[in-house]
DNA sequence: TAGACGTGGAT
DNA sequence: TATCCAAGTCT
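Here it is in structure tokens:
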């Protein structure tokens, strides 16, 4: 009985704090308003926010909802336009699944999102977290929403010493116990706001935390030590080559990467495989190639990469092998290149300018 | 189930 | 500069 009331107190304290301090975000209904959140906007925001900060998402969310205001609009969109609009946000499988999901909703669900976790979970790109979040936030049904914020807050509230990821079942059970029957969506967003603003990974602001007196970790010497995490592996380095083929009339040769694998489905510069041992430089076509002095480097989640940039200028008769397109240099931003290739392009174009100066 | 899968900001 | 990390999902 005491435990149960303690769990209720956590939700009560947190919701009271949320009613005053909720962040105003473009995909949220205004605070205090009783208007229902649009499932399309909630879903879109949840996909964009996966492993991605609010600050990074905000401009993309604005552009997407402006250009495709409804799930039907998005379902009818051109693949290449959606992929280009996603460029720079990362984890491009999300964009491919976003389109597949919108089309599934349009085709199989009459343009209306399923309103249960099970129904949502069956959609492409919708996992346990997103299904629960949309259920709770957009449809105002009880669901246990567990993301990295909730994991951290819960691990601290109950001083869970089991390291992640083994602690997941324990954390989920605890999250279930403190999730209220009413306002589960607000509760989930309140937990995430708390994790993002006060109960942060480092230097948590325990002094002003509304759950301070409910928190077991606060009673320890180092609340930030929770959640305990397993050690990480070192990040390997890979090497490769990238080819800047510029036509004298101001176009560059772009290809589309295969749907599977790194940067799948995105426009790109032609490049070699990326491997631990530096591969030999075998250009895609015969031309007068010059290599830039410094490689373009980029750090991905599971490896870092250095690409040698090779530049060639060719005449209008040239046609590189394989699938690709000549893209006008003066609107290269519209090509939607992932950051790695955008940097390689910047380096190649800077070199070209330096050449002209010489 | 552990690894693949991007990016940029904070420290 | 190096490391961590953010509203995870898929295989």
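In full-length UniProt numbering, the protein residues as written are 1 to 358. Note that CB positions come from ideal geometry on N, CA and C, so glycine has one too. Since the structure is predicted, the reported quantities are computational estimates derived from the model, not experimental observations.
Just mark residue i as buried or exposed, buried being the case when its beta carbon has 16 or more other beta carbons within 10 Å.
i	result
residue 149	buried
residue 36	exposed
residue 151	buried
residue 16	exposed
residue 118	exposed
residue 311	buried
residue 161	exposed
residue 286	exposed
residue 272	buried
residue 199	buried
residue 358	Confidence is the limiting factor: at residue 358 the pLDDT is only 43, short of 50, which leaves the residue's position unreliable, though a coordinate-based value still follows. So residue 358 ends up on the exposed side.
residue 207	exposed
residue 195	buried
residue 341	buried
residue 288	exposed
residue 105	buried
residue 23	exposed
residue 219	exposed
residue 297	exposed
residue 331	exposed
Please name the residue in the options whose C-alpha comes closest to that of residue i.
i	options	result
residue 121	254, 132 and 111	132
residue 79	99, 57 and 299	99
residue 25	46, 275 and 230	46
residue 229	245, 74, 279 and 168	168
residue 234	142, 210, 302 and 176	302
residue 155	139, 210 and 217	217
residue 344	231, 295 and 299	295
residue 293	178, 282 and 307	307
residue 74	43, 53 and 340	43
residue 338	34, 41, 88 and 6	88
residue 290	300, 276, 183 and 314	314
residue 348	284, 327, 276 and 246	246
residue 248	327, 188 and 236	327
residue 8	211, 351, 350 and 300	211
residue 182	109, 201 and 139	139
residue 318	257, 300 and 252	252
residue 177	320, 143 and 57	143
residue 159	283, 184, 223 and 346	223
residue 14	153, 329, 334 and 227	153
residue 267	81, 53, 351 and 124	81
residue 27	48, 172 and 21	48
residue 323	277, 350, 129 and 257	257
Am I right that residue i and residue j are in contact with their C-beta atoms under 8 Å? What's the rounded C-beta distance?
i	j	result
residue 85	residue 64	7 Å
residue 102	residue 126	Their Cβ separation, rounded to whole angstroms, is 12 Å, which puts residue 102 and residue 126 out of contact at 8 Å.
residue 239	residue 279	7 Å
residue 274	residue 254	18 Å between Cβ atoms; not a contact.
residue 265	residue 259	5 Å
residue 136	residue 146	That belief does not hold up - the Cβ atoms of residue 136 and residue 146 are roughly 11 Å apart, past 8 Å.
residue 29	residue 180	No, residue 29 and residue 180 are not in contact; Cβ-Cβ is about 18 Å, not under 8 Å.
residue 77	residue 68	6 Å
residue 40	residue 186	Wrong, their Cβ atoms sit about 20 Å apart, outside the cutoff.
residue 83	residue 336	6 Å
residue 243	residue 204	So it is not a contact: roughly 48 Å between Cβ atoms.
residue 91	residue 263	So it is not a contact: roughly 10 Å between Cβ atoms.
residue 164	residue 227	5 Å
Under the DSSP definition of a beta bridge, which residues are partnered with residue i?
i	result
residue 238	305
residue 10	Looking at the DSSP assignment, residue 10 forms no beta bridge with any residue, so it has no partner.
residue 253	326
Query raised in the report: At which residue ranges does the UniProt domain "HhH-GPD" (48-197) contain complete alpha helix (DSSP H) runs of 4 or more residues, listed in the order of the chain?
Result: The UniProt domain "HhH-GPD" (48-197) contains these whole alpha helix (DSSP H) runs: 54-67, 71-75, 79-86, 93-108, 117-121, 128-137, 148-157, 168-178 and 184-197.
Requested in this report: Quick one: which unbroken beta strand (DSSP E) runs of 3-plus residues sit fully inside the segment 262-337? Chain order, please.
Outcome: 296-299, 304-314 and 325-328
Query raised in the report: In chain order, which beta strand (DSSP E) runs of at least 3 residues are fully inside the segment 200-250?
Result: Qualifying beta strand (DSSP E) stretches, in chain order: 237-247.
Query raised in the report: Which runs of the alpha helix (DSSP H) fall wholly inside the segment 20-46 and span at least 4 residues, in chain order?
Result: Correct list: empty.
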